[in-house]
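Each remark here refers to the structure printed beneath this line.
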Amino acid sequence: MNKVDVKAMVSKQRAWFQRGATLNPGVRLAALRRLKRAIQTHQGEIAAALKADLGKGTTESYLSEIGLVLSELSYMLRHTRTFSRPQRVDTPLAHFPARSYQLPSPCGVVLVMSPWNYPFLLTVDPLVDAIAAGNTVVVKPSAYAPHTGRVLQQLLQSCFDPQYVAVVTGGREENRYLLQERFDHILFTGSQSVGREVMAHAAQHLTPVTLELGGKSPCIVEQTADLTLAARRIVFGKYLNCGQTCVAPDYVLCDAQVKGRLIAALKEQIVCQFGPNPLLNPDYGKIVNARHFERLLKLLEPDKLVCGGRFCRERLQIEPTIMDNITWSSRAMQEEIFGPILPILTYHNLDTALDELAQQPHPLALYLFTRNRSLAKNVMAQCSFGGGCVNDVVIHLATSRMGFGGVGESGMGSYHGQAGFRTFSHYKSIVERGVWLDPPMRYQPYRPAARLLARWLLR
Numbered sequence: 000m001n002k003v004d005v006k007a008m009v010s011k012q013r014a015w016f017q018r019g020a021t022l023n024p025g026v027r028l029a030a031l032r033r034l035k036r037a038i039q040t041h042q043g044e045i046a047a048a049l050k051a052d053l054g055k056g057t058t059e060s061y062l063s064e065i066g067l068v069l070s071e072l073s074y075m076l077r078h079t080r081t082f083s084r085p086q087r088v089d090t091p092l093a094h095f096p097a098r099s100y101q102l103p104s105p106c107g108v109v110l111v112m113s114p115w116n117y118p119f120l121l122t123v124d125p126l127v128d129a130i131a132a133g134n135t136v137v138v139k140p141s142a143y144a145p146h147t148g149r150v151l152q153q154l155l156q157s158c159f160d161p162q163y164v165a166v167v168t169g170g171r172e173e174n175r176y177l178l179q180e181r182f183d184h185i186l187f188t189g190s191q192s193v194g195r196e197v198m199a200h201a202a203q204h205l206t207p208v209t210l211e212l213g214g215k216s217p218c219i220v221e222q223t224a225d226l227t228l229a230a231r232r233i234v235f236g237k238y239l240n241c242g243q244t245c246v247a248p249d250y251v252l253c254d255a256q257v258k259g260r261l262i263a264a265l266k267e268q269i270v271c272q273f274g275p276n277p278l279l280n281p282d283y284g285k286i287v288n289a290r291h292f293e294r295l296l297k298l299l300e301p302d303k304l305v306c307g308g309r310f311c312r313e314r315l316q317i318e319p320t321i322m323d324n325i326t327w328s329s330r331a332m333q334e335e336i337f338g339p340i341l342p343i344l345t346y347h348n349l350d351t352a353l354d355e356l357a358q359q360p361h362p363l364a365l366y367l368f369t370r371n372r373s374l375a376k377n378v379m380a381q382c383s384f385g386g387g388c389v390n391d392v393v394i395h396l397a398t399s400r401m402g403f404g405g406v407g408e409s410g411m412g413s414y415h416g417q418a419g420f421r422t423f424s425h426y427k428s429i430v431e432r433g434v435w436l437d438p439p440m441r442y443q444p445y446r447p448a449a450r451l452l453a454r455w456l457l458r
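Take 0 as the starting number for the sequence shown in numbering that gives the first Met the number 0 and just add one per residue.
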């Protein structure tokens, strides 16, 4: 699309929205049902596109993308009518006679800009929430996942008129044209650097934004942890999608007393889950493109490898890798890894380690493995992060019953389930006064009795 096309598309969506076409919850539910049927019908094409873009196997594609979208759709189909109803709240006695309520209203025309690492999930999940809340939506998939982008375009065009949901494909030029337009809300998922650009453009129109960014998410393994279970779950979460997951454990911070046993368990689990040669595993993914592949190779330190490190340039694959004797100043600790490389750091005193973590930018996720419930409660309360798990990794985002989002440098705002409905809604606070009684207390001239009554009511 060129600049004129983008402007015309946004104008048509705004005109359609302003006619009240999406206000009826029945219209929203019908749209969600169409979308769900289309996804169920075209699961094979979606999985094939994800395989072409990221090397994902069919089961991983369903577990981490298609199935999660269907779950979000099912949740919103059950709850959209309830979420859309006015919400009664208590009315102060000073307003008597009256009733007070908050009326959920759609924001308007929404822009969803999605990343390449989970190109189906992170496009359609926020789209579902925006539709449920009654918005029109412009979707901009990442150009780095072109096969999934084409399937998304075909899928959404078969379900929606472009004045309701439109798809814009392309790269930076199309992004620039979109960000020059006035939207009523923008949800962006991606890197912190691009997030800053999105926020700067949004500020020109005072457009509210939800930013789902990233960061170096720590995984703390405390000395009482079940190391076999911890290793199994860390290996799953770290190497899912070949490490290209925004909430993947970026590094392990473990008690020095258990480091040797943990590394042995991690190596065992890599073989168990991916085989003795993961590069020959047909279900093991690939790095999205050559630029990211070469960036990851520069993070490898051969003298610190304890597992993995082999790669295949032709297929853009790096096998699951562990590096030991890493410090805060190591290359791998200077940026979000976003690949299948797991550095191991150690600590001798957990309180000191938590103080060190507090000096780092707020991560999108934090994970803790421990059998000490009191310690877990304290760590979860003390540390600042977007979301996380105790004795597991990444699964906190796989639910529609909690919002998912970051804090500080890792993002702002949240979505999923009711949190997503709220993100794409404005709640109008309304007081509906009765007409049969009009106490004179607030009107001049103010008499002593009125002042006394005001002090009694407003205290």
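C-beta atoms are modelled at their ideal positions from N, C-alpha and C, and glycine is treated no differently.
Which residue's Cα is closest to the Cα of residue i: the options?
i    : options                   : result
E335 : N324, I325, K35 and A247  : A247
P301 : Q443, G25, E267 and T320  : T320
G43  : S409, S328, H146 and R231 : H146
A29  : R13, M379 and S73         : S73
Q459 : K6, S328 and H41          : Any question about residue 459 goes unanswered here, given that the chain covers just 0 to 458.
L210 : H425, E408, W327 and F273 : E408
V164 : L126, R175 and I317       : L126
H94  : V430, R260 and G274       : V430
G19  : A264, N134, Q203 and Y238 : N134
R312 : G274, D391 and A289       : A289
R421 : L456, D124 and P103       : P103
L49  : T79, G412, D4 and P118    : P118
Q333 : C306, L299, I38 and R309  : L299
I317 : L456, D323, G308 and T40  : G308
H78  : N377, E196, A132 and I38  : A132
K35  : E71, T81 and V138         : E71
P360 : L304, K215, S428 and S373 : K215
I343 : V305, R372, L278 and V378 : V305
Can you give me the Cβ contacts of residue i inside the same chain, cut-off strictly under 6 angstroms, excluding the 5 residues immediately before and after it?
i    : result
D183 : C106, G107 and V108
G419 : D128
R400 : G416
A51  : H146
G189 : P114
Can you tell me whether residue i is buried or exposed? The criterion is at least 16 other CB atoms within 10 Å of its CB, across all chains shown.
i    : result
T223 : exposed
H347 : exposed
G170 : exposed
C245 : buried
I394 : exposed
P217 : buried
A255 : exposed
P281 : exposed
G387 : buried
G338 : buried
Which of helix, strand or coil does DSSP assign to residue i?
i    : result
Q39  : helix
I84  : As written in the sequence, residue 84 is Arg, which differs from the Ile given in the question. Reduced to three states, the DSSP call for R84 is coil.
T244 : coil
H184 : strand
P217 : strand
K139 : strand
I340 : strand
Q316 : strand
D254 : strand
G386 : strand
Y74  : helix
L226 : helix
T209 : strand
L110 : strand
A20  : coil
A7   : helix
I262 : helix
G284 : coil
T90  : coil
Q358 : coil
R458 : coil
What does DSSP give as the partner residues of residue i in its beta bridges?
i    : result
K427 : L102
F403 : Y414
R432 : A97
T345 : C253
T147 : Answer is none; T147 lacks a bridge partner.
L365 : G387
A165 : V137
M322 : L304 and P342
C311 : Q316
Taking 8 angstroms as the limit between beta carbons, can you name the residues of its chain near residue i, skipping five residues before and five after?
i   : result
G66 : none
Among residues of its own chain, excluding the 5 on either side of residue i, which ones have a beta-carbon nearer than 7 angstroms to its beta-carbon?
i    : result
C382 : L353, L356 and L365
Q86  : Y100 and Q101
Q268 : A230, R231 and V234
G410 : L210, E211, L212, L363, G385 and G404
L22  : G133
A37  : L154, S157 and C158
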